[in-house]
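Comments concern the structure below.
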Amino acid sequence: FDKGKYYDMLVVIRGTFNSVKEDEHSTYMYDNDHVLKNIALYLLQNYESAYKHCKMDNDAKDCCNYLNKWLNEKKSLYTSNTKCNSHNVLWEHYIEKLWEKMQDDVVEDERCKRDTFGPKYFHEKWLSPSCSNGSPVHIQKEYPEHPSYKKHECPPAVAPTSSSCKTVLTTTYVVFGILLFSIYLHRFSSVGMKLNNLIRGKKIKRRNMDKENNEEFISEHDSNMNSLDRRFNVIYNSFQN
Numbered sequence: 013f014d015k016g017k018y019y020d021m022l023v024v025i026r027g028t029f030n031s032v033k034e035d036e037h038s039t040y041m042y043d044n045d046h047v048l049k050n051i052a053l054y055l056l057q058n059y060e061s062a063y064k065h066c067k068m069d070n071d072a073k074d075c076c077n078y079l080n081k082w083l084n085e086k087k088s089l090y091t092s093n094t095k096c097n098s099h100n101v102l103w104e105h106y107i108e109k110l111w112e113k114m115q116d117d118v119v120e121d122e123r124c125k126r127d128t129f130g131p132k133y134f135h136e137k138w139l140s141p142s143c144s145n146g147s148p149v150h151i152q153k154e155y156p157e158h159p160s161y162k163k164h165e166c167p168p169a170v171a172p173t174s175s176s177c178k179t180v181l182t183t184t185y186v187v188f189g190i191l192l193f194s195i196y197l198h199r200f201s202s203v204g205m206k207l208n209n210l211i212r213g214k215k216i217k218r219r220n221m222d223k224e225n226n227e228e229f230i231s232e233h234d235s236n237m238n239s240l241d242r243r244f245n246v247i248y249n250s251f252q253n
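Sequential numbering from 13 applies to the sequence shown in our numbering.
And the structure:
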């Protein structure tokens, strides 16, 4: 068992966490504490990559022991050896439960058992005031509420309430109404009858005037022709004599 090689696999500065499955692990990511959230990300990645890779070629017990040591160091830093009460509550709720969750698909005999060995003392003068201020620790809901479904109605393809459409429709109705009224007035009302009679009378009068003009023109033409004939006869007779 190459302890140094396995240690190097655990102590890695990571920028990506490909082993994290948001649908399964988001419950154990505490959004209000960035440090605790990062520890959870590193734990998942180290378990899936370093630990599982280690136990393929070595004794699984040794690999499990080093994974426990790595996590206990992080616990000591975060909880001050469990003496920072507020941090300790969060650690137990998120990190220790995550340890159990990530081994759900492993049979009992092959699981990596959690061993929280290490000192349990820490001088109070090094504790932050927030560790013992008595304020209740906020725990996220394990199953976040989904936003309520709101029914969205699709807008109509053409909005009939637009100002341009209103103007076009109004103009169309007005023109159509005027046209119908004009037809009714012209054909059925007394005013329409008078207008028809007046128009018909003007047409008859115009035809009569045209007829009179034609007759006058024909009469005048005949008169001129007769006069011209008489002149020709006089001239002709004078030549005869």
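Even glycine gets a Cβ: it sits at the ideal position worked out from N, Cα and C.
Only residues of its own chain outside the window of five on either side were considered, and among them Lys-49, Ala-52 have a CB closer than 7 Å to the CB of Met-41, listed in chain order. In the DSSP assignment, Lys-17 falls within the alpha helix (DSSP H) that extends over 15 to 22.
Spanning the alpha carbons of Asp-117 and Asn-97 requires a straight line of approximately 32 Å.
Residue burial is scored here from C-beta neighbours: Thr-94 has at least 16 other C-beta atoms within 10 angstroms and is therefore classed as buried. Here Cys-96 carries a coil assignment [DSSP, helix/strand/coil]. By the CB criterion at 9 Å, Met-114 and Leu-22 fall outside the cutoff.
Of all alpha-carbon atoms in Gly-16, Leu-110, Tyr-54, Tyr-19, the one lying nearest the alpha-carbon of Gly-27 is that of Tyr-54. In the structure shown, the three-state DSSP call for Thr-182 is helix. Note on the region 56 to 105: whole alpha helix (DSSP H) runs with a minimum of 4 residues are 64 to 69, 72 to 91, 97 to 103, in chain order. At a Cβ-Cβ threshold of 9 Å, Trp-103 and Lys-81 do not count as neighbours. Measuring C-alpha to C-alpha distances from Ile-107 to each of Ile-195, Val-119, Arg-126, Glu-120 identifies Arg-126 as the nearest.
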